[in-house]
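In our numbering, the protein residues as written are 1404 to 1652. We put the CB at the ideal spot given by N, CA and C, even for glycine. A short worksheet on the structure shown next.
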């Protein structure tokens, strides 16, 4: 019984340490990636209604926030309740803006594109439309590569008349490995926005990725609670021109 007691105490101690570590990470006290502004001079955030009321003037005054990508739509009919306000106020604060659509596996791509067209303004000097492609928060359907490629292509074909720019694909490592890796030719040409919160991805001259989401537990003045943090690949010249234009103004 002593052995059982010692095992129970040990397990409880491990559980307590794990809980403390999770708490520390969840509240931004621990972060695995801390890219410096000297290595990644253009950094930014992505937000949705989960961040509540944002003081965009305070957010934009911080050197590590040069851009903001905000949730606009999800599926065929959902619109983020804070999108219009975030879009307007972040622009007024002088940030480069972008909108993202959460792509559902259970709705035709063409229908989802109509939701984007009805929600996102077409304005000069903004980032291309981003498509959030991930399993978390999605429906139970798991499409084949062929099905996924067909719906993503239909989505972008519908958008092309209004948003002809090369889109941004936000992907987790799991989604990338299951759908994009080795199948790039099936999907439209795109910038890659890669989520990697545990390690820094290899830059490879930005040939693999253009934006790196390096944390989902960031803390910033002007935002209550955690926020996602991102960095533009240091040699990504195809999007960097947007920031030089802002700086010139």
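_What does the Cβ neighbour count give for residue 1442, buried or exposed, with the cut at 16 atoms within 10 Å?_
Taking the chain shown and counting its residues from 1, one reaches residue 1442 at position 39. So residue 1442 counts as exposed.
*Decide if residue 1620 is buried, meaning its Cβ has at least 16 other Cβ atoms within 10 Å, or exposed.*
The residue given as residue 1620 occupies position 217 in the chain shown. So residue 1620 ends up on the buried side.
_Less than 6 Å between C-beta atoms, sequence neighbours within five positions excluded: which residues of the same chain meet that for residue 1546?_
Indexing the chain shown from 1 puts residue 1546 at position 143. Cβ within range, chain order: 1508.
*Does the pairing of the segment 1540-1557 with the segment 1492-1504 give three or more beta-carbon distances under 8 Å?*
no
*What residue from 1572, 1496, 1451, 1518 has the CA that sits closest to residue 1598's CA?*
Sequence index remark: in the chain shown, residue 1598 carries index 195 (1-based). Looking at the Cα atoms, 1572 is the closest of the given residues.
_Member of 1623, 1460, 1562, 1618 whose CA lies at the smallest distance from the CA of residue 1575_ = Here the question's residue 1575 lines up with position 172 in the chain shown. Taking only the C-alpha atoms, the option nearest residue 1575 is 1618.
*Are the Cβ atoms of residue 1553 and residue 1513 separated by less than 8 Å?*
Locating residue 1553 in the chain shown gives position 150, where the first residue counts as 1. Locating residue 1513 in the chain shown gives position 110, where the first residue counts as 1. Not closer than 8 Å, so no.
*Beta-carbon spacing of residue 1596, residue 1637 below 8 Å*: In the chain shown, counting from the first residue as 1, residue 1596 sits at position 193. In the chain shown, counting from the first residue as 1, residue 1637 sits at position 234. No; because the gap between Cβ atoms is not below 8 Å, this pair is not in contact.
*Start and end of the beta strand (DSSP E) containing residue 1477?*
As a first step, residue 1477 must be located in the chain shown, where it is residue number 74. Run containing residue 1477: 1470-1477, per the beta strand (DSSP E) assignment.
_Could you compute how far the alpha carbon of residue 1472 sits from the alpha carbon of residue 1565?_
Taking the chain shown and counting its residues from 1, one reaches residue 1472 at position 69. Taking the chain shown and counting its residues from 1, one reaches residue 1565 at position 162. Their Cα atoms are separated by approximately 19 Å.
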